[in-house]
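So in numbering that gives the first Met the number 0, the last spot in the sequence shown is 205, and the numbers never skip. Idealized CB from N, CA, C, for every residue including glycine. First comes the structure, then the notes that go with it.
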Amino acid sequence: MRNFTLTNSFVADVRQRKLLSLSVVDKETCVAICSYELNLFGSPCFDITITNNIAAGCFFAGFIAPGDECNSTTSLKFRDNISHSNLGAGALPYPDVSLGTNQNQCYQVANFKSYKTTLPCVAAFYHTKEIRAYNLTCIDQEKGLNLQTAGEGEKLVSKLYDSFIYGETAADDCPNTANCRCKKKEGLMLFGHNKQGKDLHIPSPS
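And the structure:
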């Protein structure tokens, strides 16, 4: 894909299909950016702008999006988006193959907000030696923010900085307190490293 812009959009209430086979899993997310065709690394995409969008009521993730080059401060590839009320993660940022092998060394995600998700507001478990995340806001997540690296290497780094994680807020998880979801919530999950990375879209049940 080339020269694509998605801005000021609202994607919500994505429904699951009832499949005939229990061994098949749909490739699900509200907004899949260059991730759908290839399972492990995504497809090269150039000159894309994904800004100021909202994804809500999503399965698996609100956004699956390519990450930025480390130390980038002006990129609009994936910036100022919001994801909430998901039975999944807020965002799954992955190394951008359109940048060659640079992001196998380091990539970053920044300037993103997510609240009331069943899975982490931001999660990553893809092939890179270093992942950085900053200017994130995570509110009322059932599973804590989780940044993983994958592959081979001696120095493997996950960095989170200049971000905010909030616990319970005045907004209940249901309109009727008699049927409220009273789930325990976590701010962070332990960061770590995997020898093998995950597919961008999980193709089969575990």
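Option in the options with minimal Cα separation from residue i
i	options	result
residue 65	126, 152, 155	126
residue 67	96, 36, 88	96
residue 156	138, 43, 2, 107	107
residue 124	1, 33, 63	63
residue 35	140, 8, 0, 193	0
residue 9	46, 53, 30	53
residue 93	164, 31, 161, 160	31
residue 185	70, 166, 46	166
residue 83	138, 70, 194, 71	138
Beta-carbon proximity check, residue i vs residue j, cutoff 8 Å
i	j	result
residue 115	residue 136	no
residue 6	residue 51	yes
residue 132	residue 158	yes
residue 190	residue 140	no
Proximal residues to residue i (C-beta, below 8 Å), its chain only, five neighbours per side dropped
i	result
residue 15	25, 27, 58
residue 197	124, 125, 149
residue 103	94, 126, 127, 128, 150
residue 134	109, 110, 111, 161, 162
residue 74	67, 68
residue 45	0, 1, 2, 97
Inter-residue CB distance, residue i and residue j (contact presumed, cutoff 8 Å)
i	j	result
residue 80	residue 49	7 Å
residue 87	residue 118	5 Å
residue 47	residue 17	Actually they do not touch by this definition, with Cβ atoms about 33 Å apart.
Residue i - partner residues in DSSP beta bridges
i	result
residue 87	59
residue 72	DSSP, once it has assigned bridges, lists no residue as partnering residue 72.
residue 92	64
residue 138	114, 165
residue 35	Note: residue 35 sits in no beta bridge, so no partner.
residue 158	131
residue 107	67, 131
residue 199	BP columns for residue 199 are empty, so no partner.
residue 147	124, 191
residue 1	45
residue 252	The question about residue 252 has no answer, for the chain in this structure spans 0 to 205.
residue 50	6, 78
Neighbourhood of residue i by C-beta, 7 Å cutoff - its chain only, sequence neighbours within 5 removed
i	result
residue 43	96, 97
residue 12	56
residue 122	88, 91, 145
residue 193	124, 147, 149
residue 195	149
residue 72	none
Nonlocal neighbours in the same chain, by C-beta distance under 6 Å from residue i, ignoring five residues either side
i	result
residue 129	105, 156
residue 29	10, 13, 54, 57, 61
residue 120	89, 113, 137, 140, 144
residue 187	143, 144
residue 182	141
residue 164	137, 186
residue 78	50, 110
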